[in-house]
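In the numbering used here, the protein residues as written are 118 to 274.
In structure tokens, the structure reads:
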């Protein structure tokens, strides 16, 4: 999807504070993607949360309390010497998935889960791309598909 979306949208980007330089790169990628598809700054809001674990709670509150079309969750978890990495990654992924499924709103996963900081930077605008940009693109594509399906149900086509 490269064409601008011709519909009013409201998107919330949730960004975790841990690994701030990496998540700043993810945020830049997400914002650039939204703007490339015709969204202006009034159509998206950026909310900062402490870490990746808190993304699901924030996403649940956002979809419940705000009239949003999509939530883009951005974060970074780097493996350490303990199992903490596994617990955080699983809780984050499962939590965000549950919020999307239960709300019917696109909640995309722009959370880097890497073995090293170097791997994380590669996925935050480095040689492997930008997961923030990818998450924003996925959100826009799913919003577009959901709106199309709604229109087809209304018109019966």
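Built from N, CA and C at the ideal position, the CB exists for glycine as well.
Residue from the options with nearest C-alpha to residue i
i	options	result
residue 242	178, 138 and 159	138
residue 205	168, 185 and 214	168
residue 223	173, 236 and 199	173
residue 159	165, 177 and 185	185
Limits of the unbroken beta strand (DSSP E) element including residue i
i	result
residue 226	224-231
residue 192	187-195
residue 174	Element bounds for residue 174: not the beta strand (DSSP E) but the alpha helix (DSSP H), 172-182.
residue 162	161-166
residue 131	128-133
Delimiting residues of the alpha helix (DSSP H) encompassing residue i
i	result
residue 238	234-239
Residue i CB to nearest heavy atom of the ligand ZN below 7 angstroms
i	result
residue 152	This structure does not include the ligand ZN; it has no bound ligands of any sort.
Beta-carbon gap between residue i and residue j smaller than 8 angstroms
i	j	result
residue 175	residue 126	no
residue 136	residue 209	no
residue 147	residue 213	no
residue 195	residue 231	yes
residue 107	residue 180	The requested residue 107 does not occur in the structure, where the chain is confined to residues 118 to 274.
residue 133	residue 250	no
Own chain partners of residue i with C-beta closer than 7 angstroms, once the 5 adjacent residues on each side are dropped
i	result
residue 248	143, 227, 229, 240 and 241
residue 183	129
residue 237	136, 139, 193, 195, 229 and 231
Beta-carbon proximity list for residue i, same chain, < 6 angstroms, skipping 5 on both sides
i	result
residue 225	189, 252, 255 and 256
residue 245	239
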